[in-house]
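Quick note on numbering: my numbering labels position 235 of the sequence shown as 235, and the sequence is numbered without any gaps.
We treat Cβ as the ideally placed atom computed from N, Cα and C, and that holds for glycine.
For reference, the structure discussed in these notes is given below.
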Amino acid sequence: MNKRLKEIQISGIRRFYNLVSQYKDAISLTIGQPDFPTPEHVKVAAKLALDNNKTVYTNNAGIIELRRAISNYYKKYGLNYNPEDEVIVTNGASEGIYLALNTILEVGDEVILPGPIYPGYEPVIKLCGAVPVFVDTTNNGFKLTAESIKDKLSSKTKCIIIPTPSNPTGVVLSYDELSKIASLVSNKDIFIVSDEIYSELVYDFEHTSIASFKEVFDNTIVINGLSKSHSMTGFRIGYTLAPKYITCEMIKLHQYINSCASSIGQYAALEALTNGLDDASPMREEYKKRRDFVYKRLIEIGFDVIKPNGAFYIFPSIKKFGLSSLDFATKLLESEKVAVVPGDAFSHLGEGYIRISYASSMDTLEEGLNRIGIFLKKL
Ligand SMILES: Cc1ncc(COP(=O)(O)O)c(C=O)c1O
1 MNKRLKEIQI SGIRRFYNLV SQYKDAISLT IGQPDFPTPE HVKVAAKLAL DNNKTVYTNN
61 AGIIELRRAI SNYYKKYGLN YNPEDEVIVT NGASEGIYLA LNTILEVGDE VILPGPIYPG
121 YEPVIKLCGA VPVFVDTTNN GFKLTAESIK DKLSSKTKCI IIPTPSNPTG VVLSYDELSK
181 IASLVSNKDI FIVSDEIYSE LVYDFEHTSI ASFKEVFDNT IVINGLSKSH SMTGFRIGYT
241 LAPKYITCEM IKLHQYINSC ASSIGQYAAL EALTNGLDDA SPMREEYKKR RDFVYKRLIE
301 IGFDVIKPNG AFYIFPSIKK FGLSSLDFAT KLLESEKVAV VPGDAFSHLG EGYIRISYAS
361 SMDTLEEGLN RIGIFLKKL
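Spelled out as structure tokens, the structure:
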């Protein structure tokens, strides 16, 4: 067995999810995917693709029409990628992360990443024989800053991971904050992996891609996809955007892992990024209402919590209740039948927090939060 792989654990989200599945009547606030159906016109496009026998291998990088649509879509963030050789359609954003990190990392390289963080990067970094170097963002409103990155830079730093909006905190980095990071990294031989999978779900200001700063464009790999913007998690369509010299290396890996992303998913994604550019807008409006409600209720019932600006997660502190995040989540499940994700699923820096997803109806959120309030009174 591969020793590095043996040391990697199954994601904490999955482990807790298995426990939750034993409580059939529990209210689950663990969900990491939109609770809206895939838009109707996108489903029609998928069915048409099937009927028209679009069921064969595509170009490794994806059908050119979709790569063009992705490239056009990213123009709204001030970016210009050549669909011929700077875009790869991947099997979800997850594959994009895998391709990016495996393309740039070598044994002993260091990767700076904020924590708490989505658990999809650390195991891949370790599998490459590289070393994750966490920036503790818990005392800074969960924000990665240029100053905090500077403290962690070393001669071995190969890459910085910037997920904005963030899962699990919902925190979004602003134009000015990203600009400072871009200035710090400029002229350094360091890559940036910018995970923008929640770019359509930003509530209080516009999403900024760090790749739009000229000083880091050449070193940045953007990861995005249709999972969250178009509620298409099961279609498994993501993409990478990166300068040609990086993309031409990533495509080799992609070819040997996947050949290509699902052809039917690609035709559905083409429809989404052609005639469904506003599909995320009603979802965004709804999530924003829920965000405001959940934030207000959490404060009312006694949590310390940072107001998120994006994605559909909120990450309240449970430090004052004196339980580990796993104990808190387990007891809450057993006592009130409400499931939340223990914060330690999001790196060691997530200990002392829980993740609540508001990708659930208002009624569910209201009931879930009432029950959490009752639970706190019993503690
Ligand atoms: C920050 C982040 N990046 C990537 C992914 C993976 O997305 P996909 O389902 O498209 O592989 C997720 C999924 O939850 C995520 O939260």
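For residue i, is the classification buried or exposed, using 16 other Cβ atoms within 10 angstroms of its Cβ as the cut-off for buried?
| i | result |
| --- | --- |
| residue 270 | buried |
| residue 219 | buried |
| residue 172 | buried |
| residue 362 | exposed |
| residue 245 | exposed |
| residue 335 | exposed |
| residue 283 | buried |
| residue 207 | buried |
| residue 44 | exposed |
| residue 158 | buried |
| residue 276 | buried |
| residue 285 | exposed |
| residue 155 | exposed |
Between residue i and residue j, is the Cβ-Cβ spacing less than 9 Å?
| i | j | result |
| --- | --- | --- |
| residue 357 | residue 343 | no |
| residue 170 | residue 297 | no |
| residue 26 | residue 337 | yes |
| residue 209 | residue 79 | yes |
| residue 90 | residue 249 | no |
| residue 381 | residue 62 | Past the edges of the chain, shown from 1 to 379, lies residue 381, and the structure says nothing about it. |
| residue 108 | residue 134 | no |
| residue 201 | residue 36 | no |
| residue 376 | residue 321 | yes |
| residue 112 | residue 153 | yes |
| residue 228 | residue 34 | yes |
| residue 127 | residue 5 | yes |
| residue 365 | residue 293 | yes |
| residue 95 | residue 129 | no |
Enumerate in chain order the residues of its own chain whose CB-to-CB distance from residue i is below 6 Å, with the five nearest sequence positions on each side excluded.
| i | result |
| --- | --- |
| residue 93 | 197, 223, 225 and 238 |
| residue 83 | 67, 68 and 71 |
Which residues in the same chain as residue i place their Cβ atom closer than 8 Å to its Cβ, once the five residues preceding and following it in sequence are excluded?
| i | result |
| --- | --- |
| residue 30 | 13, 16, 17, 20, 339, 340, 341, 355 and 357 |
| residue 118 | 163, 166, 167, 168, 195 and 346 |
| residue 97 | 120, 121, 124, 193, 195 and 223 |
| residue 310 | 164, 165, 166, 170, 171, 172, 198, 201, 202, 203 and 207 |
For residue i, which residues from the same chain have a beta carbon less than 7 Å from its beta carbon, with the 5 sequence-adjacent residues on both sides left out?
| i | result |
| --- | --- |
| residue 288 | 203 |
| residue 56 | 263 |
| residue 215 | 182, 183 and 186 |
| residue 69 | 270, 273 and 274 |
| residue 251 | 60, 61 and 88 |
| residue 352 | 317, 318, 319, 325 and 343 |
| residue 212 | 77, 78 and 79 |
| residue 374 | 336 |
| residue 136 | 115 and 349 |
| residue 28 | 20 and 339 |
List the whole-angstrom C-beta distance separating residue i from residue j, where the pair is believed to meet the contact cut-off of C-beta under 8 Å.
| i | j | result |
| --- | --- | --- |
| residue 193 | residue 100 | 5 Å |
| residue 268 | residue 279 | Not confirmed; about 12 Å, so no contact. |
| residue 232 | residue 42 | 7 Å |
| residue 221 | residue 191 | 7 Å |
| residue 332 | residue 372 | 7 Å |
| residue 131 | residue 147 | Rounded, the Cβ-Cβ distance is 21 Å, inconsistent with contact. |
| residue 141 | residue 306 | 5 Å |
In the DSSP assignment, find the alpha helix (DSSP H) that holds residue i and state where it starts and stops.
| i | result |
| --- | --- |
| residue 185 | 175-185 |
| residue 360 | From DSSP, residue 360 is part of no alpha helix (DSSP H); its letter is neither H nor E. |
| residue 205 | Taken as a continuous stretch (DSSP letters only), residue 205 belongs to no alpha helix (DSSP H), as it is neither H nor E. |
| residue 128 | It is not in any alpha helix (DSSP H) - residue 128 carries neither H nor E in the DSSP assignment. |
| residue 115 | No alpha helix (DSSP H) contains residue 115, which is instead part of the beta strand (DSSP E) from 110-115. |
Which residues mark the beginning and the end of the beta strand (DSSP E) in which residue i is found?
| i | result |
| --- | --- |
| residue 18 | Residue 18 -> not in any beta strand (DSSP E); alpha helix (DSSP H) instead, spanning 12-20. |
| residue 267 | Element bounds for residue 267: not the beta strand (DSSP E) but the alpha helix (DSSP H), 263-275. |
| residue 224 | 220-225 |
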